[in-house]
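Below: one structure, written as structure tokens.
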Amino acid sequence: MKLPRNFFKPLALGAPTPLRELPIRLERMIHFVPPHIEKLRAKVPELIAEVDVILGNLEDAIPANAKQEARAGFIALAKANEFGATGLWTRINALNSPWVLDDVTEIVGAVGEKLDVIMLPKVEGPWDIHYLDQLLAQLEAKHSVKKPILIHAILETAEGVDNVADIAVASPRMHGVSLGPADLAASRAMKTTRVGGGHPQYRVLADATPGGEPRPAFQQDLWHYTLAKMVDACAAAGIKPFYGPFGDFNDQEACEAQFRNAFIMGCVGTWTLHPTQVPIAKRVFSPDPVEVAFAKKIIEAVPDGTGAAMIDGKMQDDATWKQAKVLINLARLVAAKDPQIGARYGL
Ligand code: GLV
Ligand code: MG
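For the sequence shown, counting from 1, position 129 maps to 128 in numbering that gives the first Met the number 0; every step adds exactly one.
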């Protein structure tokens, strides 16, 4: 293991100093754009106002013969737009692919200063993060990039799930982890053909009764174990957990249920692959106005964050003050992005 005092040293001469805290940013949805399609690139200026993070996808779903076009398209869309508070990310190809080295070197060389986060697919262990960490430091130094580019890992192999706690603390560049249910299902040889969501045959059957009545069956959550393991690894490391893709664009109810499970469990956001999923993500991952109103009361009752107070018969102290601050800060970020939702917070 690396010596603690070396952990936050730049990995190349002239690379920016690694961050000790993640930047405070609203990341309710990471919206995927296929950058080789010009018609979709043209929608980016509208999307910047609409979503929290725009991600140019270079990996799966981009055909092998369009990999270079996608990379060039991403560089073009990064150059052509100002993103303001909206994040700019890319998902590069996997480390064992023939495209990844050019993905990283060309993108950091051309638009490294604008790029917030690189999403790395199929991460198996901390060694994958160490490789990209070192390469990014070399490229940041070479191209005089002033702020460190962060790394977001996709958890989508059985080995990755096994190593998720080590992945989460592999580098100060670690931004967060997303669940990748489609590749994970394949890696585990699960008997499914879906991108996220439940399965009608994964269920628990109620006990038989002496009268032989029909036995209700309850569908279970296929992703519960992995999501919980991922959330613990991220929370312990001080980085952000995300749900990933939901592939059935016609089933918005199931999509919302899947996003909400992840939100309740501790995830801060999700991927959106289709425009119809954006309002669902906003609904699920924006704080509840009732909670925000209560948080405001806590801050007013305990102005300097110490001591105790009672509100509506509930005890408040330093710990609830901290929770209230998290909610208020998140609500302020949401209000700055979405005045319509923000109006409901009355901040
Ligand atoms: C995402 O990349 C997934 O495999 O689910
Ligand atoms: Mg995948």
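Where a beta carbon is used, it is the ideal one built from N, C-alpha and C, also for glycine.
Q. By Cβ distance below 7 Å, which residues in the same chain neighbour proline 9 in space, the five residues on each side in sequence not counted?
A. Within the sequence shown, numbered from 1, the residue matching residue 9 stands at position 10. If you ignore the 5 residues before and after proline 9, its C-beta comes within less than 7 Å of the C-beta of Pro15, Thr16, Pro17, Ala136, all in its own chain and listed in chain order.
Q) Using the C-alpha atoms, what's the distance from threonine 208 back to valine 50? A) What you label residue 50 is simply residue 51 of the sequence shown in a count that begins at 1. What you label residue 208 is simply residue 209 of the sequence shown in a count that begins at 1. A direct Cα-to-Cα measurement between valine 50 and threonine 208 gives close to 51 Å.
Q: Kindly give me the distance between the Cβ atoms of alanine 185 and leucine 226, rounded to whole angstroms, as I take these residues to be in contact under 8 Å.
A: For the purposes of this step, residue 185 is taken as residue 186 along the sequence shown, with counting starting at 1. For the purposes of this step, residue 226 is taken as residue 227 along the sequence shown, with counting starting at 1. Contact flag wrong, Cβ pair sits at about 18 Å.
Q: Measure the alpha-carbon distance for tyrosine 224 versus proline 244 and round it to whole angstroms.
A: One-based indexing of the sequence shown puts residue 224 at position 225. One-based indexing of the sequence shown puts residue 244 at position 245. If you take the alpha carbons of tyrosine 224 and proline 244, they lie about 17 Å apart.
Q) Quick one, which of Gly175, Tyr344, Gly312, Ala307 has its alpha-carbon nearest alanine 329's? A) Your numbering for residue 329 matches position 330 in the sequence shown. This sequence places leucine at residue 329; alanine is not what is there. Ranking Gly175, Tyr344, Gly312, Ala307 by CA distance to the CA of leucine 329 puts Tyr344 first.
(Q) Are the CB atoms of glutamine 133 and alanine 11 within a distance shorter than 9 Å? (A) Counting from one through the sequence shown, the residue named residue 11 turns up at place 12. Counting from one through the sequence shown, the residue named residue 133 turns up at place 134. Between alanine 11 and glutamine 133, the gap from beta carbon to beta carbon is short of 9 Å.
(Q) Which residue wins for smallest C-alpha separation from isoleucine 47, given the options Leu76, Asp127, Asn64? (A) Position 48 of the sequence shown holds residue 47. Checked all of Leu76, Asp127, Asn64; the closest Cα to isoleucine 47 is Leu76.
Q) Between the region 266-284 and the region 298-308, do at least 3 Cβ pairs fall closer than 8 Å? A) By the criterion of at least three beta-carbon pairs nearer than 8 Å, the region 266-284 is not in contact with the region 298-308.
Q.
Any residue with its C-beta under 7 Å from a non-hydrogen atom of ligand 1 counts. Can you list them all in chain order?
A. The set, ordered by position in the chain, is Asp59, Pro120, Ile153, Glu155, Gly179, Pro180, Ala181, Asp182, Leu183, Val194, Gly195, Gly243, Pro244.
Q. What residues match up with arginine 202 in a beta bridge as DSSP calls it?
A. Looking up residue 202 in the sequence shown gives position 203. Per the DSSP secondary-structure output, arginine 202 pairs in a beta bridge with Gln218.
Q. Looking at C-beta atoms only, is the number of pairs between the region 77-93 and the region 118-133 that lie closer than 8 Å three or more?
A. By the Cβ rule, the region 77-93 counts as touching the region 118-133, because three or more pairs are nearer than 8 Å.
Q: Go ahead and pull the three-state DSSP assignment for methionine 264.
A: Along the sequence shown, read from residue 1 onward, the residue named residue 264 stands at position 265. Here methionine 264 sits in helix by DSSP.
Q) Would you report the Cα separation of arginine 24 and leucine 332, rounded to the nearest angstrom? A) Counted from its first residue, the sequence shown places residue 24 at position 25. Counted from its first residue, the sequence shown places residue 332 at position 333. Roughly 7 Å separates the two Cα atoms.
(Q) I need the straight-line Cα distance from glutamate 81 to glycine 195, nearest angstrom please. (A) The residue you call residue 81 lines up with position 82 of the sequence shown. The residue you call residue 195 lines up with position 196 of the sequence shown. Glycine 195 has its alpha-carbon roughly 33 Å from the corresponding atom of glutamate 81.
(Q) Short of 8 Å in beta carbon distance, which residues of its chain neighbour threonine 156, apart from the five on each side in sequence? Order them along the chain. (A) Here the question's residue 156 lines up with position 157 in the sequence shown. Hits under 8 Å: Lys121, Val122, Glu123, Asp182, Leu183, Ser186.
**Q.** Under 9 Å between C-beta atoms of alanine 294 and lysine 313
**A.** Reading the sequence shown from its first residue, position 295 is the one you call residue 294. Reading the sequence shown from its first residue, position 314 is the one you call residue 313. Cβ atoms of alanine 294 and lysine 313: not closer than 9 Å.
(Q) Less than 9 Å between the beta carbons of phenylalanine 258 and tyrosine 242, yes or no? (A) Taking the first residue of the sequence shown as position 1, residue 258 is located at position 259. Taking the first residue of the sequence shown as position 1, residue 242 is located at position 243. Result yes, Cβ atoms of phenylalanine 258 and tyrosine 242 sit closer than 9 Å.
Q. Quick one, are the C-beta atoms of proline 171 and arginine 19 less than 9 Å apart?
A. Indexing the sequence shown from 1 puts residue 171 at position 172. Indexing the sequence shown from 1 puts residue 19 at position 20. A distance below 9 Å separates the beta carbons of proline 171 and arginine 19.
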